[in-house]
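Novice: Residue numbers (the working numbering), protein chains in the order written: chain A, 3 to 192; chain B, 3 to 192. Quick reminder that beta carbons are idealized off the backbone N, C-alpha and C, glycines included.
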DNA sequence: CGGTCTCTTGACGGAGTTCAAAGCTAGTGG
DNA sequence: CCACTAGCTTTGAACTCCGTCAAGAGACCG
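1. Within 8 Å, do at least three Cβ pairs link the segment 23 to 40 of chain B to the segment 95 to 108 of chain B?
2. Starting from residue 104 (chain B), trace the beta strand (DSSP E) in both directions and tell me its first and last residue.
3. Could you spell out where the alpha helix (DSSP H) holding residue 175 (chain A) opens and where it closes?
4. Within 10 angstroms of the Cβ of residue 83 (chain A), are there 16 or more other Cβ atoms? Answer buried if so, exposed if not.
5. Does the beta-carbon distance from residue 40 (chain B) to residue 91 (chain B) come in below 9 Å?
6. Compare the beta carbon distance of residue 198 (chain A) and residue 144 (chain B) with 9 Å and say whether it is the shorter of the two.
7. In chain B, which residues lie with their C-beta within 8 Å of the C-beta of residue 44 (chain A)?
8. How would you list, in chain order, the residues of chain A whose beta-carbon sits under 8 Å from the beta-carbon of residue 146 (chain B)?
9. Please name the residue, chosen from B:177, B:28, B:5 and B:16, that lies closest to residue 49 (chain B) on a Cα-to-Cα basis.
10. Roughly how many whole angstroms lie between the Cα atoms of residue 9 (chain B) and residue 149 (chain B)?
11. Does DSSP put residue 33 (chain A) in a helix, in a strand, or in coil?
12. Only counting runs of 3 or more residues, tell me where the beta strand (DSSP E) segments fall wholly within the segment 79 to 156 of chain A, in order along the chain.
13. Identify whether residue 17 (chain A) lies in helix, strand or coil by the three-state DSSP scheme.
14. Check this for me: beta carbons of residue 162 (chain B) and residue 140 (chain A), under 9 Å apart or not?
15. Do you know offhand how far residue 113 (chain B)'s Cα is from residue 177 (chain B)'s?
16. What residue does the beta strand (DSSP E) around residue 58 (chain A) start on, and which one ends it?
17. Quick one, which residues of the segment 53 to 69 of chain B are near chain A if we go by CB-CB under 7 Å, in chain order?
18. Should the segment 167 to 175 of chain A be regarded as contacting the segment 161 to 175 of chain B, the criterion being three or more beta carbon pairs within less than 8 Å?
19. Along chain B, in chain order, which residues have C-beta atoms closer than 7 Å to that of residue 6 (chain A)?
20. Using the rule of at least 16 other Cβ atoms within 10 Å of the residue's Cβ for burial, across every protein chain shown, is residue 87 (chain B) buried or exposed?
21. Is it buried or exposed, residue 56 (chain A), if we count other Cβ atoms within 10 angstroms and call 16 or more buried?
22. Please classify residue 40 (chain A): does DSSP put it in a helix, a strand, or coil?
23. CB-CB under 6 Å to residue 80 (chain B), same chain, minus the five flanking residues each way: which ones, in chain order?
24. If contact means a Cβ-Cβ distance below 7 Å, which residues of the segment 71 to 97 of chain B contact chain A?
25. Less than 9 Å between the C-beta atoms of residue 173 (chain A) and residue 59 (chain A), yes or no?
26. Which term fits residue 154 (chain B), buried or exposed, when burial requires 16 or more other beta carbons within 10 angstroms of its beta carbon?
27. Grab me the residues of residue 6 (chain B)'s own chain with a C-beta within less than 8 Å of its C-beta, minus the 5 sequence neighbours each way, in chain order.
28. Return the CA-CA distance between residue 182 (chain B) and residue 138 (chain B), expressed in angstroms with no decimal places.
29. Please list the partners that residue 137 (chain A) has in chain B, where partner means a Cβ-to-Cβ separation under 8 Å.
30. Alpha carbon to alpha carbon, how far is residue 156 (chain A) from residue 175 (chain B)? Give it in angstroms, no decimals.
31. Against chain B, with Cβ distances strictly below 9 Å, would residue 173 (chain A) count as a contact?
32. Can you pull the chain B residues whose beta carbon is under 8 Å from the beta carbon of residue 132 (chain A), in chain order?
33. One question on the structure: do residue 25 (chain B) and residue 121 (chain B) come within less than 9 Å of each other, judged by their Cβ atoms?
34. Beta-carbon within less than 6 Å of residue 38 (chain B)'s beta-carbon, same chain only, minus the 5 sequence neighbours each way: which residues are those?
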């Protein structure tokens, strides 16, 4: 269960055997069935959650159209957390919902602070995760601002080739900021 | 010169007098004239730079259209750094260019690492900056994906009311992902 | 005054949306 | 094993938002 997360961390920093054991004691396994919520708009994000198996979508509801706007998908090796809400105890503006049966490891805010206190090395790992996420968000902003629907779709399937098999097209359309109908046409043209 | 940066940090964490003095010794004042580059596409981002006075634009050149895509503006109290390049020593995909005469405080990668080593408290400050930036980037993605040009412009002037006075409209248009011509029409309608 | 840079305005074209309907696929129950 | 439903994708036609190109109007600066 932990192998995956430990390996992910070890790829960035080194932990000894005893540190690994210590680390494990902070986390709890958590399961969601398809269509269950991990977090609802307006609630506090109480846990930092790492996806071991499965997939969630992070989205908010457009107040005018009533439609979902997908912020990201969280599959294996992703963190599925509203950082702003988790860190600052502010009500979340996002929803996190399982689109497959999903297994996660999670930790509460208080435990998380204690964990970093116990194993300060981990600061570096979490900083790297944040930095990497920022770099990817910056690229996404540029893409949303200047690519056509076809270019955005092309870039998406290059970056996440396996997502097509597991995520319905209308969610990918929302992630790319186009309608499902138009994405279907883009795909049909090739 | 340092008052501003120190105050910014003190708003998040506490530093003693001696820590403040220590802190100051790591930084150098750096000046750019309007239209000078802080960083060019392809180069390494060698410094973490804090804007004391002035304004820069971060952008990349669209390979197809040859036009600028604005990633962000960095005015007073902003960090003007390509984090990915600075941290990972990868060639930057962005340009950073002064759009006003600009005064900054800056620190090299090596000094920065040493600074965090000397004053570990600062880890928290920089983590807060990263988290805050992520939250704002997430909101921007949602906005770019689902707002019309008029809504994006409206949101921009609410969020950054002072920018209209100092940044040319065609750069704001690029930041919002619309053409200068269309932004002009949006403004004319009201 | 004569450039250069920015903003505006007009006409046209194209990318993407909307609404509606029909086709597909997979699960479910009889 | 088939019929039925529900969710997803496709397709068509009309429409809208926004981009492109081209020209002109101000503003600033040497």
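Specialist: With the structure as the only source:
1. Taking a contact to require three or more Cβ pairs closer than 8 Å, the segment 95 to 108 of chain B and the segment 23 to 40 of chain B qualify as touching.
2. It spans 104 to 110 - the beta strand (DSSP E) in which residue 104 (chain B) sits, taken as one unbroken run.
3. Where residue 175 (chain A) is concerned, the enclosing alpha helix (DSSP H) stretches over 171 to 178.
4. That one is buried.
5. It is not a contact, given that the beta carbons lie outside the stated cut-off.
6. Residue 198 (chain A) falls outside the range modelled here, since chain A spans only 3 to 192, and no answer is possible.
7. The contacting residues do not exist; residue 44 (chain A) stays about 16 Å from chain B at best.
8. Per Cβ cutoff of 8 Å: 143, 146, 147 and 179.
9. Minimum Cα-Cα distance from residue 49 (chain B) among the listed residues B:177, B:28, B:5 and B:16 corresponds to B:28.
10. In this structure, the straight-line span from the alpha carbon of residue 9 (chain B) to that of residue 149 (chain B) is close to 35 Å.
11. In the structure shown, residue 33 (chain A) adopts extended strand secondary structure according to DSSP, grouped into three states.
12. Whole beta strand (DSSP E) segments, 3+ residues: 97 to 100 and 104 to 110.
13. The answer is coil: DSSP assigns residue 17 (chain A) none of H, G, I, E or B.
14. Contact: no.
15. Going from the Cα of residue 113 (chain B) to the Cα of residue 177 (chain B) covers about 32 Å.
16. Element bounds for residue 58 (chain A): 58 to 63.
17. Listed by position, the residues of the segment 53 to 69 of chain B near chain A (Cβ gap below 7 Å) are 62 and 64.
18. No, the segment 167 to 175 of chain A does not touch the segment 161 to 175 of chain B.
19. The contacting residues do not exist; residue 6 (chain A) stays about 23 Å from chain B at best.
20. With 16 or more other Cβ atoms within 10 Å, it is buried.
21. Its Cβ being crowded by 16 or more others within 10 Å, residue 56 (chain A) is buried.
22. Reduced to three states, the DSSP call for residue 40 (chain A) is strand.
23. Cβ within range, chain order: 53.
24. For the segment 71 to 97 of chain B, which is checked against every Cβ of chain A, the residues closer than 7 Å are 71, 73, 85, 86 and 89.
25. Taking 9 Å as the Cβ cut-off, residue 173 (chain A) and residue 59 (chain A) qualify as a contacting pair.
26. Of the other Cβ atoms in all chains shown, 16 or more fall within 10 Å of the Cβ of residue 154 (chain B); this residue is therefore buried.
27. Contacts found: 54, 78 and 79.
28. If you draw a straight line from the Cα of residue 182 (chain B) to the Cα of residue 138 (chain B), it is about 24 Å long.
29. Here the neighbours are 85 and 86.
30. Distance between the alpha carbons of residue 175 (chain B) and residue 156 (chain A) is about 25 Å.
31. Answer no: the Cβ-Cβ gap between residue 173 (chain A) and chain B never drops below 9 Å.
32. Chain B residues near residue 132 (chain A): 129, 132, 133 and 136.
33. In contact: residue 25 (chain B) and residue 121 (chain B) (Cβ atoms closer than 9 Å).
34. When the five nearest sequence neighbours on each side are left out, the beta carbons in the same chain lying within less than 6 Å of the beta carbon of residue 38 (chain B) are those of 100, in order along the chain.
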